[in-house]
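In the working numbering, the protein residues as written are 123 to 412.
Have a look at this one:
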């Protein structure tokens with residue numbers, strides 16, 4: 123079931139343009155925006171992590187001592203649930219929001235540390251720097267086509283890592299991350315491998331696979347890598363490409379059908395991924411075989 127986020131509705135009532143969005147389940151949504159020459163007041167019933175992608179130098183926040191700026195590419199803001207902020211956007215810029223319900227943030231903390239915090243109070247941050255946040259946004263979230271089902275596992279994994287980072291470094295819960303030793307039980311791993319093979323055409327997410335293993339997303343991702351040598355999103359993409367290569371070489375199905383069967387709704391995205399993996403596009407490989 124999709125969650126309605128107040129920030130999205132509020133920004134759409136102003137001059138902001140929604141360039142793309144994706145719901146990842148478990149109370150998480152990504153939204154890519156651009157805005158300019160606008161003034162916006164936000165007070166939301168959810169948490170927001172914002173990263174400036176381009177420009178932002180002429181974005182000002184209203185403070186008790188007046189308007190303050192300090193934005194720019196790779197600066198981030200945290201707007202906790204129920205916080206209020208007013209922004210004067212004096213020039214065009216683009217930014218990406220990660221929305222999360224308080225319920226899901228508490229669930230992440232409870233699953234990772236196996237104890238439930240009474241409350242998680244996120245720190246309010248404006249125009250701040252954090253190399254880890256930038257890395258997760260730039261390397262994973264901004265490098266993926268959000269509309270491709272094949273990318274949803276990467277997106278959900280990176281989003282969970284971002285939220286875990288916020289809980290650990292920007293909240294009232296300052297618990298040390300637990301050490302995870304050992305991999306998945308062989309029977310659990312076999313069940314997961316079979317499930318992944320049967321659902322390569324679908325938009326698999328980290329929470330979905332973790333539930334199958336009866337583990338938190340944090341513990342599952344680390345134990346899965348211990349067992350396979352690959353992060354879940356890397357393993358699933360490898361299996362998609364292996365299946366795609368087999369189907370292309372067989373030569374029976376149209377390439378568009380192969381793309382769909384392997385989780386790609388865009389033939390061009392499928393072709394680019396395939397070429398990156400095998401050094402040739404699907405059509406080139408099929409022509410060589412012929």
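Even glycine gets a Cβ: it sits at the ideal position worked out from N, Cα and C.
Residues of the same chain with a CB within less than 6 Å of the CB of residue 159, apart from the 5 flanking positions on each side, do not exist. Taking 9 Å as the cut-off, the beta carbon of residue 174 is found closer than this to the beta carbon of residue 197. Shown here for residue 405: same chain residues with a beta carbon closer than 8 Å to its own, the five before and five after excluded, namely 377 and 393 in chain order.
Every beta strand (DSSP E) of 3 residues or more that sits fully in the segment 175-203 is shown, in chain order, as 181-185, 188-191 and 198-201. Residue 162: member of the beta strand (DSSP E) spanning 160-165, first to last residue. Sorting 375, 387, 354 and 307 by C-alpha distance to the C-alpha of residue 408 places 375 at the top. Bounds of the beta strand (DSSP E) holding residue 150 are 150-157. Membership of residue 340 in the alpha helix (DSSP H) is indicated by the continuous run 339-350. Per the coordinates, the alpha-carbon of residue 339 lies some 10 Å from the alpha-carbon of residue 327.
Within the segment 305-330, complete alpha helix (DSSP H) segments of at least 4 residues are found at 308-320, given in chain order.
Straight across, the Cα-Cα distance linking residue 210 with residue 368 is about 54 Å.
In the DSSP secondary-structure assignment, residue 221 is bridged to 151 and 170. A residue is called buried once 16 or more other Cβ atoms fall within 10 Å of its Cβ, and residue 248 is buried on that count.
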